[in-house]
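A.B. asks:
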Amino acid sequence: MEQDREPPGEYRIAELAEAAGISVRTVRFYRERRLLPPPRKVGRIAWYGPAHLARLRLIAELLERGHALGGIAELIGAGEDGRDVAELIGLQAALVAPWSDETPVHLGWDELRAAFGDQLTEANTAESLAQGFITLDPDGITHISRRLMDATVALVDEGVPLAAVLDVSRRASEYADAMADAFVALIRDHLLGALTHVQDLTPAEAARLTERIHRIRPLARAVNDAQFTLAMDRRARTEYGRLAGE
18 MEQDREPPGE YRIAELAEAA GISVRTVRFY RERRLLPPPR KVGRIAWYGP AHLARLRLIA
78 ELLERGHALG GIAELIGAGE DGRDVAELIG LQAALVAPWS DETPVHLGWD ELRAAFGDQL
138 TEANTAESLA QGFITLDPDG ITHISRRLMD ATVALVDEGV PLAAVLDVSR RASEYADAMA
198 DAFVALIRDH LLGALTHVQD LTPAEAARLT ERIHRIRPLA RAVNDAQFTL AMDRRARTEY
258 GRLAGE
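Once you know that position 107 of the sequence shown is 124 in my numbering, the rest is easy, because the numbers rise by one and skip nothing.
And the structure:
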């Protein structure tokens with residue numbers, strides 16, 4: 018009877034699963050994958066403590082952030098080697114955090130027809146879909162960027178055909194991908210170095226690297242903005258010279 022009594026702050030497997038908001042089967046699966054340390058055995062009864070509940074909540078948080086179970090096992094393994102998992106999670110978050118602060122915008126079909134008129138064709142809609150800027154809804158479309166949508170409408174209002182705007186958009190996107198590739202390579206080669214595994218980092222190194230990545234983000238945006246405006250200066254002068262000569 019003493020063995021059957023629940024120790025303070027400990028759980029049987031069903032109670033642990035309920036506290037973590039998951040199924041007993043999932044708890045057993047995590048144990049099999051060694052994501053969860055073994056319970057304390059008293060006779061035939063397995064007791065789980067606060068550390069097990071904290072581990073399950075950590076796994077749930079990492080899954081919600083988009084981590085795969087293999088990556089979670091790697092991070093947890095690093096923590097069990099005496100290293101701070103939080104620092105490693107912070108580094109991963111810094112590497113994959115969104116760079117854009119764009120807000121999506123929804124437009125109904127009536128609004129689209131008012132903005133684009135007879136240029137709202139199947140071909141232009143298909144091109145927008147292909148570029149990944151819009152998704153179709155039953156009552157209209159959702160554009161991933163209010164700024165890009167506003168700019169498109171303004172250009173069409175100025176007399177630029179929608180097809181021409183979409184053509185420039187496709188080419189600009191390709192150039193933007195090339196710039197992004199250059200900066201990703203810069204970070205990979207000169208900041209991450211030979212890092213191929215989280216086990217290569219100490220928590221202090223992960224924290225320092227996270228800070229550097231946060232500092233580089235605005236620098237990358239500044240360089241891209243400066244390069245574009247300087248290129249526009251060069252091209253505008255060249256084009257004006259050509260037109261003046263003609």
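Quick reminder that beta carbons are idealized off the backbone N, C-alpha and C, glycines included. Everything numeric in this text was worked out from a predicted model, so none of it was measured.
Can you check whether the CB of Leu179 is closer than 7 Å to the CB of Gly157?
C.D. replies: Not a contact, by the Cβ cut-off of 7 Å.
A.B. asks: Per DSSP, His123 forms a beta bridge with which residues?
C.D. replies: In DSSP, His123 forms a bridge with Thr159.
A.B. asks: Considering only residues of the same chain and omitting the five flanking positions on each side of Ser186, which have a CB-CB separation below 7 Å?
C.D. replies: Cβ within range, chain order: Gln148.
A.B. asks: Return the first residue and the last residue of the beta strand (DSSP E) that Ala114 is part of.
C.D. replies: Careful: Ala114 lies outside any beta strand (DSSP E) and carries neither H nor E.
A.B. asks: Just reading off the alpha helix (DSSP H) that Ala85 is part of, what are its end residues?
C.D. replies: Note, Ala85: premise wrong, no alpha helix (DSSP H); not H, not E.
A.B. asks: Are Ile230 and Ala111 closer than 7 Å when you measure CB to CB?
C.D. replies: Contact: yes.
A.B. asks: Can you give me the start and stop residues for the alpha helix (DSSP H) that Leu79 sits inside?
C.D. replies: Where Leu79 is concerned, the enclosing alpha helix (DSSP H) stretches over 67-81.
A.B. asks: By how many angstroms is the C-alpha of Leu236 removed from the C-alpha of Glu32?
C.D. replies: Rounded to the nearest angstrom, the two C-alpha atoms are 50 Å apart.
A.B. asks: If I follow the unbroken alpha helix (DSSP H) through Leu53, where does it start and stop?
C.D. replies: Leu53 -> no alpha helix (DSSP H), and no H or E assigned at all.
A.B. asks: For Glu256, which residues from the same chain have a beta carbon less than 8 Å from its beta carbon, with the 5 sequence-adjacent residues on both sides left out?
C.D. replies: Around Glu256: no qualifying Cβ.
A.B. asks: Of all the options Ala248, Ile233, Met166, Glu175, which has the alpha carbon lying nearest to the alpha carbon of Val201?
C.D. replies: Of the listed residues, the one whose Cα sits closest to Val201 is Ile233.
A.B. asks: Out of Ala195, Ala221, Arg252, state which residue places its alpha-carbon closest to the alpha-carbon of Asn241.
C.D. replies: The shortest Cα separation from Asn241 among Ala195, Ala221, Arg252 belongs to Ala195.
A.B. asks: Assuming Leu153 is part of the beta strand (DSSP E), what are its boundary residues?
C.D. replies: Taken as a continuous stretch (DSSP letters only), the beta strand (DSSP E) holding Leu153 covers 151-154.
A.B. asks: For Ile265, report the span of its beta strand (DSSP E) as first-last.
C.D. replies: As shown, the chain starts at 18 and ends at 263. That puts residue 265 outside it, with no answer to give.
A.B. asks: Taking Leu208 as part of the alpha helix (DSSP H), name the residues at either end of that continuous run.
C.D. replies: Looking at the DSSP string, Leu208 is not in any alpha helix (DSSP H), and its letter there is neither H nor E.
A.B. asks: Look at the Cβ atom of Gly26, then the Cβ atom of Pro54, and state whether they are nearer than 7 Å.
C.D. replies: Taking 7 Å as the Cβ cut-off, Gly26 and Pro54 do not qualify as a contacting pair.
A.B. asks: Using the DSSP secondary-structure output, state which residues sit across from Val59 in a beta bridge.
C.D. replies: Its beta-bridge partners are Ile62.
A.B. asks: State yes or no: is the C-beta of Val170 within less than 7 Å of the C-beta of Ala131?
C.D. replies: No. Outside cutoff.
A.B. asks: Buried or exposed: Tyr28, going by 16 or more other Cβ atoms within 10 Å of its Cβ?
C.D. replies: Classification of Tyr28: buried, given that the 10 Å Cβ count is 16 or more.
A.B. asks: Does Pro121 pass the burial test, meaning 16 or more other C-beta atoms within 10 Å, or should it be called exposed?
C.D. replies: The residue in question, Pro121, is exposed, as its Cβ has fewer than 16 Cβ neighbours within 10 Å.
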